[in-house]
Every structure is written in C-alpha cells, then in structure tokens.
Amino acid sequence: MSHSAADAGGHADPGGLGAGHDDDGGERAAVAAPGGRSRAELGIAALLGVAGVVVLWDASRITVPYSVSDVVGPKTMPVIVGSLLVVSAVLLAVNVLRGGSGQAEEGEDVDLSHPTDWKTVLPLIGFFILNIVLIDPLGWVLSGTIMFWGSVWSLGSRHYVRDALVSLVLAVGTFYGFYLGLGIHLPAGILAGIL
C-alpha cells in the first residue's frame with residue numbers, strides 16, 4: 111500500500127509533515143508571540159531614539175573655534191553616532207510595528223544552561239578597574255598595557271611574553287593614534303618625558 115500525503119480527515123498535507131506541524135518549522139508560533147515582546151522591542155527603539163537625540167543635542171552644544179585646516183572637528187563623531195542611533199531606532203520601530211520580531215533567546219547559539227563563568231568575568235572587571243586607577247599615575251601606555259595583557263590572560267592565553275609585547279604595541283599605538291589622529295592627549299604619566 112502506497113503512502114499518501116493526506117491525513118486521516120482526507121485533507122492534503124503538501125509538505126508531508128503530518129498533522130500539527132508547520133511547514134516553516136514553527137516560525138508562525140514565534141511570530142504570534144504575546145504583545146509583551148513587541149512592547150519591549152518598541153521600548154528598546156524608544157531608548158535608542160532618546161539616546162540618539164541626547165547625543166545629537168550634546169554635540170550641538172560643543173563650541174569649537176573655526177579652523178580652516180581642521181575639517182573634521184570634535185562634533186563629527188558624536189553627530190555620526192547620534193544619527194546612527196536615531197536611524198536605528200526608527201528602523202527598529204518600523205520593523206516591530208510591521209510585525210517583525212527579534213529572534214527568541216533560545217534561538218541563539220548560546221547554551222543557557224551553563225552559568226556565568228565568573229573565573230573569566232571577575233578578572234576582566236578587575237583589570238578594567240585597575241586601568242581606571244592607574245591611568246593617571248602611570249599613564250595610558252603602562253596602564254593600557256596592563257589592561258590589555260590582563261584581558262587576554264583572563265580569557266585564557268598563557269603566552270606571557272608575546273601577549274605583553276602585543277599589549278605594549280597596542281597601548282603605544284592607541285596613544286599616538288589618539289594624539290596624531292584626533293589631537294587628544296592621553297595621560298603620559300611617568301613616561302611624560304619619553305613619549
């Protein structure tokens with residue numbers, strides 16, 4: 111006897127999935143989630159929009175003397191970031207109002223059954239706090255080197271010398287990148303006469 115794609119009631123099941131299955135893998139159930147999710151997503155859109163407006167308003171209050179040689183001034187980045195926040199907020203709100211919905215948390219590629227790895231998180235937080243404490247007395251190059259090295263150590267790297275050299279290069283590179291590229295002087299600390 112040949113197998114037909116009809117259920118017991120005689121209705122066709124073109125996908126051959128059987129009764130109770132959606133042909134799109136259950137996506138319809140996820141889209142028809144309660145209104146709480148869409149309200150939360152609209153709240154995120156509103157939060158993004160408010161943040162963007164605040165950044166744009168704050169950028170408009172930056173007073174800079176006119177300079178012909180400096181086309182890109184300190185207002186440029188805040189205006190770009192604020193504009194991107196506002197555009198993202200509008201696009202997210204339109205998507206949610208049209209019925210779009212973010213992927214459910216269990217759909218992400220994260221195993222939610224595992225607890226937070228505090229052996230990694232706490233040292234990372236500690237090295238960031240240490241950077242905040244040391245940046246004025248030691249300067250960015252030394253405190254940044256310690257922070258970068260501590261971050262990769264916290265994440266599991268055990269190549270101490272290589273990591274220290276790469277951290278030093280990153281710290282010196284960002285020090286001069288901010289100074290030469292943006293005109294921002296990071297603290298030199300005890301290396302003030304050398305850098």
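Just so we're aligned: 133 in our numbering is position 23 of the sequence shown, and the numbers increase by one with no gaps anywhere.
Glycine included, every Cβ here is placed at the ideal spot set by N, Cα and C.
Three-state secondary structure assigned by DSSP to residue i
i, result
"S211", "coil"
"L194", "helix"
"V182", "coil"
"L227", "Correcting the residue type first, residue 227 is Asp in the shown sequence and not Leu. Coil at D227, not helix or strand."
"Y286", "helix"
"A149", "Strictly speaking, residue 149 in this sequence is Arg, with Ala absent from that position. If DSSP states are grouped into helix, strand and coil, R149 belongs with the helices."
"V174", "coil"
"L244", "helix"
"P233", "helix"
"R268", "coil"
"G61", "Lying before the first or after the last residue shown, residue 61 is absent from the chain, which here runs from 111 to 305."
"G162", "helix"
Residue i versus the options, residue with shortest Cα-Cα distance
i, options, result
"V197", "V182, V163 and S264", "V163"
"S193", "N205, L202, L166 and G209", "L166"
"R86", "V182, G210 and G183", "Given a span of 111 to 305 for the chain in the structure shown, any question on residue 86 remains unanswerable."
"L172", "H269, A161, L201 and T186", "This sequence places Ile at residue 172; Leu is not what is there. The shortest Cα separation from I172 among H269, A161, L201 and T186 belongs to T186."
"L157", "S264, V279, H295 and V200", "V200"
"F238", "S261, L301 and D227", "S261"
"I190", "R208, A161 and L207", "A161"
Close-in-space but distant-in-sequence residues of the same chain around residue i (CB under 6 Å, 5 per side omitted)
i, result
"W259", "D273, A274 and S277"
"L244", "S253"
"D246", "P297"
"A281", "V251, G254 and T255"
"T230", "S264"
Rounded distance between the beta-carbons of residue j and residue i, thought under 8 Å
i, j, result
"P184", "V174", "6 Å"
"G299", "G249", "2 Å"
Other residues of its chain near residue i: CB distance less than 7 Å, five sequence neighbours each side excluded
i, result
"A203", "L152 and A155"
"G303", "none"
Nonlocal neighbours in the same chain, by C-beta distance under 8 Å from residue i, ignoring five residues either side
i, result
"L240", "S253, I256, M257 and G260"
The region 282 to 289 touching the region 226 to 241, judged by at least three CB pairs closer than 8 Å = Result no; under three Cβ-Cβ pairs closer than 8 Å.
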